[in-house]
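Take a look at the structure set out below.
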Amino acid sequence: MNKRVIAAVGAAVLAALGVIILIVWAQGANQRAYEGAELVSVVRVTETVPSGTKAADLATSTETAELPADAIPDGAVTDLAEVQGLSTLAELQPGEVLVEARMGAAGASEEKGASDVPPGLQEVSIFLDSQRTVAASIKPGDRVGVLGSYEAVGATPTKITDLLLHDVLVTRVNGAVGEEAVTGLTITLAVSTVDAERIVFTQEWGRIWLTLQNADTAKTGERIIQDLGVLE
């Protein structure tokens, strides 16, 4: 056999072995990450799903994944048969664990979650990664502080951080779960009109962090931090 052919075949075999080894290693990495954790089999979204999609059509845009129990939101769907005959009530995003509250009869509205909206307020939702949501521990009924960071553009650009709001009610939380843990949360807040404007502006043009507050949290003493002011 021609030496070049032999070399080419050998290279192909080595490449195939490399792929197999990589797959085995990745599977082992997942097992090591989950070692000691209670795993739960759930339905996870793999691609964007439009609102109004029937459960019968979700098979091609979802997968079954085993994830740590601590990372699974309440009402997680473990099999599409559980929501047979229902449709999505909102757009679903990749990485999101499918929950029963996101499904309902055609024409229904999405369930509000554990907390009702107080009179005079309205809901606004923002998506934040885990580190901005107290390690993804925020849940409906919690009260949070909203911090905004901006970079003001002008003759002398200034970076600022300000505690915009205190004691904001969380009405609903939807989690996006990755291979090992919750990667982000869609947080829905009940706020006034002007506060909704402030939150949306900050989400569009700056960055938002949330703090978890309680009845004993001091609601005074904040100040706008600018550049080197953080050292004062």
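Going by this note's numbering, the first residue of the sequence shown is number 24, and it counts up by one from there.
Glycine included, C-beta positions come from ideal geometry on N, C-alpha and C.
Bear in mind that the values here come from a model prediction, so they are computed numbers and not experimental data.
If you draw a straight line from the C-alpha of residue i to the C-alpha of residue j, how long is it?
i: V217; j: L62; result: 43 Å
i: S172; j: T225; result: 8 Å
i: V157; j: V106; result: 31 Å
i: G244; j: S64; result: 46 Å
i: R246; j: D190; result: 17 Å
i: L103; j: D185; result: 44 Å
i: K182; j: I161; result: 27 Å
i: V19; j: S215; result: Because the chain spans 24 through 255 in this model, residue 19 falls outside it and cannot be assessed.
i: V100; j: V122; result: 5 Å
i: D139; j: V193; result: 9 Å
i: G143; j: R195; result: 18 Å
Can you list, in chain order, the residues of its chain whose CB lies under 7 Å from that of residue i, leaving out five sequence neighbours each side?
i: L69; result: Checking the sequence shown, residue 69 turns out to be Thr, not Leu. S84, T85, E86, P117.
i: T76; result: S110, T111
i: A219; result: Q145, V147
i: I95; result: V63, V65, V120
i: A88; result: V65, R67
i: L90; result: L62, V63, V65, V200
Can you tell me whether residue i is buried or exposed, with buried defined as 16 or more other CB within 10 angstroms of its CB?
i: A78; result: buried
i: N237; result: exposed
i: V223; result: exposed
i: E227; result: exposed
i: A159; result: buried
i: K242; result: exposed
i: A213; result: buried
What residue does the beta strand (DSSP E) around residue i start on, and which one ends it?
i: E89; result: 85-91
i: I247; result: Segment: none, I247 is in no beta strand (DSSP E) and carries neither H nor E.
i: R230; result: 230-236
i: G168; result: 166-175
i: L62; result: 62-68
i: S160; result: Careful: S160 lies outside any beta strand (DSSP E) and carries neither H nor E.
i: Q145; result: 145-152
For residue i, which residues from the same chain have a beta carbon less than 6 Å from its beta carbon, with the 5 sequence-adjacent residues on both sides left out?
i: L187; result: V169, G171, R221
i: R230; result: S172
i: W232; result: R155, L170
i: Q249; result: T181, I183
i: T209; result: S148, F150, N197
Take residue i as the anchor and find which of the options has the nearest alpha-carbon.
i: T211; options: H189, I149, K182, Q236; result: I149
i: T240; options: V167, I248, G143; result: V167
i: M126; options: R246, N197, E146; result: N197
i: L235; options: L90, P91, R155; result: R155
i: P141; options: G164, L81, S74; result: G164
i: E114; options: P73, V120, W228, K162; result: P73
i: R67; options: D102, A159, P91, E119; result: E119
i: G108; options: L81, G98, W232; result: L81
Taking Cβ positions only, does residue i come closer than 7 Å to chain C?
i: L208; result: In the structure shown, chain C does not exist; there is a single protein chain.
Leaving aside the five residues before and after residue i along the sequence, list all residues of the same chain whose C-beta is less than 8 Å from its C-beta, in chain order.
i: A92; result: A60, E61, L62, V63
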